[in-house]
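Below is one structure; the comments refer to it alone.
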Ligand code: G6P
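Residue numbers (the numbering used here): 117 to 731.
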């Protein structure tokens, strides 16, 4: 995920673009860059680091004059975060300059073709390939920039929101979108371009949100033309009046980063799949696994090391790996593992899971596992983070920046990627037939839409939250794949509302926690139809017999739990191993709303930090 900003009009472009980048920094912050045209020269400044670093560097290095410009804040996908890989990227002639949010999946063959035609590349990015492809088309076909962008995009596979201009014709910017957002602010004789409307809200309330597959040329400060990229047909611009205020916008219109991130999960999971899952062909492609496939296929065990929510994702993975790939799995708290001289074999695969890629205990566990000769694989969200560099190989979750301290989309995307790995290994080990494999992939593909449906439980979560916000304790129960979800649900509540909560395997309740149950105690029970349903229903009866209050997380259309529970929240049906991706959604919403109702600082809960770099 990246943020893009552009301006063409009568004002100085620099302050508008710089402020826009600051507002979009939630979308990525590993590097930033700006391109401005001052009437004579194209000036580009880019740097690894935050927008603040760019500002310091830019103001000392280049003049900031110019009424046309583009800017970018990056969440690296292709190429490590460094100055060269930062956007904007310039074409070989030095005339075209581009910013891009997304991934051009077929950039490699396109790059090869361009190299054969004499082009050279400085960066490792797919974006530099795209700007040179546009340039190549433009000169080969002798067409205007807009047409060249259109022809070039029709040769690409992937996702993009782009803005590009030509310094030899600095009266227009061409933009296009497929899969990544792009808004055009329409002012008086001026246009603003951005990933969302936040960068231009104080200049205009009029915005056009491009639809997927559309491109636009904004020209001469007044002209605007929107077309379909595929068939060149003209589209009538639909100008919306924005209902935003400045305070809301830093969270993209949400009250807190946490709720925004909860709602981002359908897209985040889709981004985790992107380019990896080929359902029709029955293939899962992941370079980090493919390049080290023997290590995985010959693994004696998989040992997961992680902390916090990532540890819970590891527990879900234990169930999934053992079920599908039939490889024994152990899940360790990194902080325990690192200090207890664990038995690690050279044919063990250690998987380190970490959203931030910076957690000190996980880092230390990785170093210890490497010393003991194991192959260490990282599952991280933050591109270029320490853990992603320290591990032998890895896979990014591509969830985009997670800013709320209570982890939400990181958890579901970690489970997603670990599921992809387990399914891939299961197929290669002959544990799943091609038909079974395809059935699982098809169902996985439907998960983002089902997560979106599960998010519709928000209103119910608000009602339940209002009733239980003042309790002192809560119990979360689940079995099988949903036992770790019970732990995660309890953690979410503790972290942000400071209510004491315990997660337990449902059947273990009678070995202790049942003593806590009285009419004051809410018990959140995950009782989906697929997973040991009858057993969970019996556990619910036991709670009911002791006057506990039941909040059931159930499959759509459930009747039995409904009869017993005080409240039920429905989620769509899916295959049992994938239920954690759905059952976790109402639990996130419930804890969020309780914390909000209690007036807690949801995004920055006391005593916690997003990235724990001390032991
Ligand atoms: C902190 C965060 C948690 C996170 C844990 C592990 O405690 O507040 O949300 O789960 O660290 O972080 P990691 O970045 O390694 O996943």
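All C-beta atoms, glycine included, are put in the ideal place defined by N, C-alpha and C.
- Ranked by Cα distance from residue 263, the options 198, 438, 347 and 203 are led by 347.
- Residue 655 carries a helical assignment under DSSP once its states are collapsed to helix, strand and coil.
- Under a 10 Å Cβ-count criterion, residue 459 is classified as exposed, with fewer than 16 other Cβ atoms of the shown protein chains found around its own Cβ.
- Residue side-chain check: residue 388 keeps its Cβ at 6 angstroms or more from all non-hydrogen atoms of the ligand G6P.
- Distances taken from the Cβ of residue 247 to the heavy atoms of the ligand G6P include none shorter than 6 angstroms.
- Straight-line spacing of the CA atoms in residue 186 and residue 151 works out to 5 angstroms.
- Our two residues, residue 145 and residue 338, have alpha carbons roughly 32 angstroms apart in a direct line.
- Cβ contact annotation for residue 233 (same chain, cutoff 8 angstroms, sequence separation greater than five): 252, in chain order.
- For residue 530, the Cβ stays outside the 6 angstroms cut-off from all heavy atoms of the ligand G6P.
- Ranked by Cα distance from residue 594, the first of 723, 620, 576 and 570 is 620.
- The criterion of a C-beta distance shorter than 7 angstroms is satisfied by residue 503 and residue 470.
- Counting every other CB atom within 10 Å of its CB across the protein chains shown gives residue 162 a total of 16 or more, marking it as buried.
- Short note on residue 521: C-beta closer than 6 angstroms to some heavy atom of the ligand G6P.
- Within its own chain, the residues whose Cβ lies closer than 8 angstroms to the Cβ of residue 208, once the five positions on either side in sequence are excluded, are 235, 236, 248 and 251, listed in chain order.
- In this structure, the C-beta of residue 425 approaches the ligand G6P to less than 6 angstroms from one of its heavy atoms.
- The C-beta distance from residue 148 to residue 188 rounds to 7 angstroms, short enough to meet the 8 angstroms contact threshold.
- Closest in C-alpha terms to residue 549, from the list 625, 415, 596 and 399, comes 399.
- Within the same chain, and ignoring the five residues on either side of residue 659 in sequence, the residues whose Cβ sits closer than 7 angstroms to its Cβ are 633, 639 and 666.
- The residue from 574, 569 and 478 with its alpha-carbon nearest to that of residue 427 is 478.
- For residue 665, the enclosing beta strand (DSSP E) begins and ends at 665-671.
- In this structure residue 403 is not in contact with residue 545, their Cβ atoms being roughly 20 angstroms apart against a cut-off of 8 angstroms.
- Per DSSP, the beta bridge partners of residue 121 are 187 and 310.
- Residue environment analysis places residue 564 among the buried positions, since at least 16 neighbouring C-beta atoms fall within 10 angstroms of its C-beta.
- DSSP places residue 498 outside both helix and strand once states are collapsed to three, so it counts as coil.
- Pairing residue 527 with residue 429 gives a Cβ-Cβ distance under 7 angstroms.
- For residue 470, the shortest C-beta to heavy atom distance toward the ligand G6P is below 6 angstroms.
- Membership of residue 389 in any beta strand (DSSP E) is not indicated; the residue belongs instead to the alpha helix (DSSP H) covering 381-389.
- By the beta-carbon neighbour count (other beta carbons within 10 angstroms, threshold 16), residue 513 is buried.
- The closest heavy atom of the ligand G6P lies less than 6 angstroms from the beta carbon of residue 724.
- Every unbroken stretch of the beta strand (DSSP E) spanning 3 or more residues and falling wholly within the segment 143-217 is given here in chain order: 147-153, 158-164 and 184-190.
- 7 angstroms or more divides the Cβ of residue 701 from the Cβ of residue 515.
- Annotated three-state conformation of residue 237 is coil, per DSSP.
- Annotated three-state conformation of residue 620 is strand, per DSSP.
- Taking 7 angstroms as the cut-off, the beta carbon of residue 323 is found closer than this to the beta carbon of residue 358.
- Membership of residue 678 in the alpha helix (DSSP H) is indicated by the continuous run 676-680.
- DSSP places residue 407 in the coil class of the three-state scheme, outside both helix and strand.
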